[in-house]
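Undergrad:
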Amino acid sequence: RSIDLSENKIGNKNIDELLEFIQDPKCNIEDLNFFGNYIGDDNIIKICDSLAMYIQYRLVKLNLGKNNVHDNCTSSICLMLNKCSGLRVLNLSHNWLHNQSATKILKELTDHYELRILDLSWNNIGDDLTALPTYEHLVNSEITHPERQFNNFSINEALYTGKLKLRTNPLL
341 RSIDLSENKI GNKNIDELLE FIQDPKCNIE DLNFFGNYIG DDNIIKICDS
391 LAMYIQYRLV KLNLGKNNVH DNCTSSICLM LNKCSGLRVL NLSHNWLHNQ
441 SATKILKELT DHYELRILDL SWNNIGDDLT ALPTYEHLVN SEITHPERQF
491 NNFSINEALY TGKLKLRTNP LL
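Be aware that the sequence shown starts at 341, since it is given in our numbering, and climbs by one per residue.
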């Protein structure tokens, strides 16, 4: 029920085989780990769309950290979040997401009551801190482990926003 493909440097190769596997009606995967594979935007979109269409109720944990996830993947990530109502862990760390994308993802999580861990650390969040809503206002209170550290928060922005409850910030 678990596939760990982390640190395999998959890139954009062999994605079609993976998509065929996900789209198989017998697929009962609950945990997918793609951390550190440098998968590009087009294929991240394909993966998220396939997860949303084919294994939406079974997916519990998804790790897309340390890939090449940019802002243009946000719509597919949000669709996947909407459909995968049982998702409890989502790792989007070490990517290229900005405030606007983070905000859309957080808004999508407003009614997502199963998610417990959300990792948005090591992205490009913080270029306009006032545009980023707090987890507390947008997300259900069930999230016990929101990660936002190591983004682009300046000292002034970090001090300005105690509401983000940053646990660690290399600038402070």
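No residue lacks a Cβ here, since even glycine has one placed at the ideal position from N, Cα and C.
From E360 to K366, what distance separates their C-alpha atoms?
TA: So the two alpha carbons sit approximately 11 angstroms from each other.
Undergrad: Can you tell which of L404, D356, R398 has its C-alpha closest to the C-alpha of D344?
TA: That would be L404, whose Cα lies nearest to the Cα of D344.
Undergrad: Classify D364 as helix, strand or coil using the three-state DSSP reduction.
TA: In this structure, D364 counts as coil in the three-state DSSP scheme.
Undergrad: N348: which of A442, I379, D356 sits nearest, CA to CA?
TA: Selected option, being the one with the closest Cα: I379.
Undergrad: How long is the line joining the alpha carbons of I417 and A392, rounded to whole angstroms?
TA: The alpha-carbon atoms of I417 and A392 are separated by roughly 9 angstroms.
Undergrad: Which whole runs of the beta strand (DSSP E) in the segment 372 to 456 are 3 residues long or more, in chain order?
TA: Counting only runs of 3 or more, we get 401 to 403, 429 to 431.
Undergrad: Tell me the DSSP secondary structure of I355 in three-state form.
TA: I355: helix per DSSP, three-state reduction.
Undergrad: Report all residues from its chain with a CB closer than 6 angstroms to the CB of E370; omit the five preceding and five following residues, and keep chain order.
TA: Answer for E370: R341, R398, V400, listed in chain order.
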